[in-house]
Structures are given as C-alpha cells and as structure tokens.
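In what follows, a structure is listed as structure tokens, so that the remarks can point back to it.
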Amino acid sequence: MTRHSQGIETPDTFTEILEEMNQEGGFYRSVLATSEGLPIASAPEEPDQELASAMIAMLQKVGVETQDHLSLAPVDEVTIRTEEKEHLVCRTIPSGKDWVCLCALVPPGQYYRRATNRAVRRIREMIEE
C-alpha cells in the first residue's frame, strides 16, 4: 500500500486492487485483461487465461452486436447469470484508444456494483498516472 499526503492508503498494484475488490464483494475470482484477452492481473494471483479470453470474446461480440443492431452507446458492462445464480461480470475500462476489461465471478446473492465501481475507479487512476 502507498500512503498519500492526505493519509489515505491506496493499492500499489492491479493485483492488490483485485484482491481488495474480491474481499469487499465476496467474489470468487477476478481478472484484469487487455482487449486481446491477455491477463494483466488476477486474484487469486495465478492468471486465468481461459477466463480472461472467454470474457473478452464475449464482451467484443455482445458489444459489437448491441451497438450495430440497436444503435446503443458503447457497452460498459456485460453480466451473465447462471442457473445457480452466480454472476459473471465484465466491465470495460477505457485506456487511451483501447480498453482493458475487469471480470469478476460473483457468488449467488452477492452485490457487485459498488465493489466493481471502486475497482474501476482505482484502475483508471493507475492507468492515467
């Protein structure tokens, strides 16, 4: 953790951001990946290449089809809910002309938006530094 002049601690790495998000939201696992599906960080730490690649492929397909067929703005989030009520949540984060993707596997009954919003905000700050 890094301590700023206001006395606020912030994460040093993307992995720490994901660990904090998982703890806050009670998530099973999370991955931060490039738009090509390559993992940048993962929590637990071992990268899950298959999860990252699958999520990016899903995001690209849903995003393009949604924008093309429904004339909507760019997609911010894609969520899939299983029959067991688990959620697979993918959030896009602009990074220059490209984007990165934050994916989280959320247990049944857990709220995820507050924890993912906080993580997205922190990741943006790190990208913009």
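Following the working numbering, the numbering of the sequence shown begins with 71 at its first residue and continues without gaps.
Note that CB positions come from ideal geometry on N, CA and C, so glycine has one too.
Within 8 angstroms, strictly: CB atoms of I110 and V159
Stepping through the sequence shown from its first residue, residue 110 is reached at position 40. Stepping through the sequence shown from its first residue, residue 159 is reached at position 89. Contact: no.
CB-CB length for T85 against E106, believed under 8 angstroms
Counting from 1 along the sequence shown, the entry for residue 85 is found at position 15. Counting from 1 along the sequence shown, the entry for residue 106 is found at position 36. Separation of the CB atoms of T85 and E106 is rounded to 20 angstroms, and the pair is thereby denied contact status at 8 angstroms.
My understanding is that D138 touches T162, with C-beta atoms under 8 angstroms, so please give their C-beta distance in whole angstroms.
In the sequence shown, the residue the question calls residue 138 occupies position 68. In the sequence shown, the residue the question calls residue 162 occupies position 92. 17 angstroms between Cβ atoms; not a contact.
Cα separation between K155 and L172?
What you label residue 155 is simply residue 85 of the sequence shown in a count that begins at 1. What you label residue 172 is simply residue 102 of the sequence shown in a count that begins at 1. Straight-line Cα distance between these residues: approximately 20 angstroms.
Would you verify that the beta carbon of L88 is, or is not, closer than 8 angstroms to some beta carbon of chain B?
Absent from the structure: chain B. Only one protein chain is present.
Exposure of G95, with buried meaning 16 or more beta-carbon neighbours within 10 Å:
For this step, residue 95 is matched to residue 25 along the sequence shown. That one is buried.
Note down the Cα distance separating V190 from T152, rounded to an integer number of angstroms.
Within the sequence shown, residue 190 is the residue found at index 120, counting from 1. Within the sequence shown, residue 152 is the residue found at index 82, counting from 1. Separation of V190 and T152 (C-alpha to C-alpha, rounded to the nearest whole angstrom) is 24 angstroms.
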